[in-house]
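So the sequences go chain by chain: A and B.
No gaps in the numbering here: position 45 of the first sequence is 358 in the numbering used here, and each next residue is one more.
No gaps in the numbering here: position 56 of the second sequence is 321 in the numbering used here, and each next residue is one more.
Worksheet: one structure, shown below.
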Amino acid sequence: AQSVAQPEDQVNVAEGNPLTVKCTYSVSGNPYLFWYVQYPNRGLQFLLKYITGDNLVKGSYGFEAEFNKSQTSFHLKKPSALVSDSALYFCAVRDINTGKLIFGQGTTLQVKP
Amino acid sequence: EADIYQTPRYLVIGTGKKITLECSQTMGHDKMYWYQQDPGMELHLIHYSYGVNSTEKGDLSSESTVSRIRTEHFPLTLESARPSHTSQYLCASSDTGAAGEKLFFGSGTQLSVL
């Protein structure tokens, strides 16, 4: 069965520092991977996706994610965090059998001034 | 900007009432989804539809039902609300196409059943 795991419930970083939000996946075949962000009292927004090609994927709001096949990871990164990046982040993988997106449990990112 | 709308934004209702959560999208997407999310927790797929007159149950068992009579409309109904139904309900849509299509989400309906 396809699955994703986000091992950290919460990540705390200081503004201006680099941030990483971790995600590992388990799929059979080539993975289709996504990151979504949920700001307080808002719906989820698409950040970026990996289908094929370069392992480093660039997305919205200065975020990027690195696909690592050997480590089955798809960590979300940003070189310099902003307070406004504070939100709930979800990693997701597409189930190749059903086409549905399977979401991780989410990681709360807290960026402090 | 995604055009997918959910109403109401908040709903507080008594046990036993029938409720319908509305979801509409103006993007012409074939695929629509309902997710249930407890605060700060993962999303669980409860219903999805791949087109008009197509509805399927998701991964999480739910007492709710859905209908898809028109492409743009995907309402979710609870015949008899109970406190265990208290949660946030998120509607999403995506178009039919490449495997990497992205989901567009509505702002959600926060349901509280007393």
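For each residue, glycine too, the CB sits at the ideal point set by N, CA and C.
Quiz item: Between residue 314 (chain B) and residue 297 (chain B), is the Cβ-Cβ spacing less than 8 Å?
Solution: At the C-beta level, residue 314 (chain B) and residue 297 (chain B) come within 8 Å of one another.
Quiz item: Do residue 345 (chain A) and residue 317 (chain A) have their CB atoms nearer than 8 Å?
Solution: Not closer than 8 Å, so no.
Quiz item: With distances taken from CA atoms, which of A:415, A:417, A:398, A:406 is nearest residue 424 (chain A)?
Solution: With distances taken between CA atoms, residue 424 (chain A) lies nearest to A:398 out of A:415, A:417, A:398, A:406.
Quiz prompt | Contact check, residue 401 (chain A) vs residue 358 (chain A), beta carbons under 8 Å | solution = The beta carbons of residue 401 (chain A) and residue 358 (chain A) sit no closer together than 8 Å.
Practice problem: Please report the Cβ distance between residue 376 (chain B) and residue 354 (chain B), rounded to the nearest whole angstrom; I am assuming they are in contact, meaning their Cβ atoms lie under 8 Å. | Solution: With a Cβ gap of about 6 Å, residue 376 (chain B) and residue 354 (chain B) count as contacting.
Practice problem: From the DSSP output, in three-state form, read off residue 293 (chain B) for me. | Solution: Residue 293 (chain B) falls in the coil class under three-state DSSP.
Quiz item: Is the Cβ of residue 316 (chain B) closer than 8 Å to any Cβ of chain A?
Solution: Under the 8 Å criterion on CB atoms, residue 316 (chain B) is classed as non-interfacial with respect to chain A.
Quiz item: Near residue 322 (chain B), what residues of its chain come up, given a Cβ to Cβ distance below 8 Å and the 5 sequence neighbours on each side ignored?
Solution: Here residue 322 (chain B) has 311, 312 as same chain residues with Cβ atoms under 8 Å from its own Cβ, once five neighbours each way along the sequence are excluded.
Quiz item: By DSSP, does residue 352 (chain A) sit in helix, in strand, or in coil?
Solution: Taken through DSSP and simplified to helix, strand or coil, residue 352 (chain A) comes out as coil.
Quiz item: Is the number of C-beta pairs between the stretch 300–311 of chain B and the stretch 409–420 of chain A that are closer than 8 Å three or more?
Solution: By the Cβ rule, the stretch 300–311 of chain B counts as touching the stretch 409–420 of chain A, because three or more pairs are nearer than 8 Å.
Quiz item: Out of curiosity, what's the CA-to-CA distance linking residue 395 (chain A) and residue 305 (chain B)?
Solution: Inter-residue distance for residue 395 (chain A) and residue 305 (chain B) is about 20 Å (C-alpha atoms, whole angstroms).
Quiz item: How would you write the range of the beta strand (DSSP E) that residue 272 (chain B) sits in, first residue to last?
Solution: Residues 269–272.
Quiz item: Thinking C-beta only, is residue 340 (chain B) closer than 8 Å to residue 276 (chain B)?
Solution: Contact: no.
Practice problem: Using beta-carbon positions only, say whether residue 324 (chain A) and residue 332 (chain A) come within less than 8 Å of one another. | Solution: The Cβ-Cβ distance between residue 324 (chain A) and residue 332 (chain A) falls below 8 Å.
Quiz item: Between the C-alpha atoms of residue 377 (chain A) and residue 352 (chain B), what's the straight-line distance to the nearest angstrom?
Solution: Using only the alpha carbons, I get a separation of about 31 Å.
Quiz prompt | Residues bridged to residue 362 (chain A) [DSSP beta-bridge criterion] | solution = Beta-bridge pairing links residue 362 (chain A) to A:347.
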